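Below: the structure, in structure tokens.
Below you can see the structure in the form of structure tokens.
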């Protein structure tokens, strides 16, 4: 076997892959906020974002007839004008809105993630199953930095 | 993104005769969320949100799969890439079907941050599909499942 999948400079290739992923992360954090500005960007420069569409999201802390408040990642609470209905406190909401000069929002589109906890709970069992299946089949050899088949190479399990 | 249980149960019916490495297909089916949803375990910061966005893309998944494949013996790498890639492709196919109010997966990242979806289901409501998926899996795997149950019963009776 030759080229990308060969053993030559294997660790360099792995390091290259890791480096590319790190670059991707920093690139996304640089261009993402420009492509999809959020409440954070709008709060830093309110004048530039007044009347513009931004993203918002957070835990709903209050929901009334005509508006609601949600708490963002930094703990700051924002008031959003939209009718989401009563009894939504504690749910996660995400959406787009127009940023107002007074720091409030007029919601354009939004979704209340009522089943977010169920979804996270449903992630645990599949992860355990996949981990069990994988490590039942493969063991990581720290000396050679390779996975080896516990059942022996070449065995056809089709 | 649909929940991981949906991701797994959607791909398992295809494992029956198509692939030799089901454990790698299953790992591939959860891999984009394993690397692209790490912020759940980290402090809530916009940087980690964009890190997740960058890592939960087809190009990043391909790089992670390449890096993982390089940890396998040389003669198993092609098979590992195909199996992990099949699972990851299935993952992204399901993710494409979810609705998004802000933006979904930037499919062409790092070339573009634009995203497009086939809006069929909210990510947090995907578990509605679980009963149907469980039934499909039972129908596909009923013979080996029932044979194993019979064998267990016979062993207990003996």
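Protein chains in written order, with our numbering: chain A, 35 to 192; chain B, 391 to 548.
Heads up, the beta-carbon is just placed ideally off N, CA and C, and yes, glycines get one too.
What you are looking at is a predicted structure, and each value in this text was computed from that prediction instead of being measured.
Alpha carbon of residue i to alpha carbon of residue j, nearest angstrom
i, j, result
"residue 164 of chain A", "residue 86 of chain A", "44 Å"
"residue 190 of chain A", "residue 411 of chain B", "Bear in mind that the predicted position of residue 190 of chain A carries a pLDDT of just 47, short of 50, making it unreliable; the figure below should be weighed with that in mind. Whole-angstrom Cα-Cα distance: 10 Å."
"residue 453 of chain B", "residue 136 of chain A", "44 Å"
"residue 166 of chain A", "residue 415 of chain B", "14 Å"
"residue 58 of chain A", "residue 150 of chain A", "27 Å"
"residue 128 of chain A", "residue 460 of chain B", "39 Å"
"residue 117 of chain A", "residue 94 of chain A", "13 Å"
"residue 427 of chain B", "residue 545 of chain B", "43 Å"
"residue 119 of chain A", "residue 185 of chain A", "57 Å"
"residue 495 of chain B", "residue 515 of chain B", "18 Å"
"residue 475 of chain B", "residue 424 of chain B", "14 Å"
"residue 537 of chain B", "residue 395 of chain B", "25 Å"
"residue 399 of chain B", "residue 81 of chain A", "49 Å"
"residue 155 of chain A", "residue 450 of chain B", "26 Å"
"residue 130 of chain A", "residue 504 of chain B", "16 Å"
"residue 146 of chain A", "residue 124 of chain A", "10 Å"
"residue 180 of chain A", "residue 439 of chain B", "31 Å"
"residue 152 of chain A", "residue 91 of chain A", "19 Å"
Nearest-angstrom Cβ-Cβ length linking residue i and residue j, presumed shorter than 8 Å
i, j, result
"residue 392 of chain B", "residue 488 of chain B", "6 Å"
"residue 40 of chain A", "residue 437 of chain B", "Contact flag wrong, Cβ pair sits at about 36 Å."
"residue 84 of chain A", "residue 115 of chain A", "Not a contact, Cβ separation roughly 15 Å."
"residue 143 of chain A", "residue 112 of chain A", "The Cβ separation is near 16 Å, so there is no contact."
Span of the beta strand (DSSP E), counted from its first residue to its last, around residue i
i, result
"residue 504 of chain B", "Premise fails: residue 504 of chain B is in no beta strand (DSSP E) and is neither H nor E."
"residue 183 of chain A", "180 to 183"
"residue 174 of chain A", "172 to 175"
Min CB distance residue i to chain A below 8 Å
i, result
"residue 528 of chain B", "no"
"residue 538 of chain B", "no"
"residue 448 of chain B", "no"
"residue 499 of chain B", "yes"
"residue 403 of chain B", "no"
"residue 434 of chain B", "yes"
"residue 445 of chain B", "yes"
"residue 487 of chain B", "no"
"residue 457 of chain B", "yes"
"residue 469 of chain B", "no"
"residue 482 of chain B", "no"
"residue 428 of chain B", "no"
Residue span of the alpha helix (DSSP H) that contains residue i, given as start and end
i, result
"residue 517 of chain B", "Note, residue 517 of chain B: premise wrong, no alpha helix (DSSP H); not H, not E."
"residue 61 of chain A", "44 to 69"
"residue 423 of chain B", "412 to 426"
"residue 74 of chain A", "73 to 78"
Beta carbon proximity, residue i to chain B, threshold 8 Å
i, result
"residue 83 of chain A", "no"
"residue 46 of chain A", "no"
"residue 103 of chain A", "no"
"residue 43 of chain A", "no"
"residue 116 of chain A", "no"
"residue 89 of chain A", "yes"
Along the chain, which unbroken stretches of the alpha helix (DSSP H) at least 4 residues long are found entirely within the region 80 to 168 of chain A? The region 80 to 168 of chain A contains, as complete alpha helix (DSSP H) runs of 4+ residues, the segments 80 to 83 (chain order).
Could I get the ranges of all uninterrupted alpha helix (DSSP H) runs contained in the region 432 to 475 of chain B, with 4 residues as the minimum, in chain order? You should have 436 to 445, 448 to 459.
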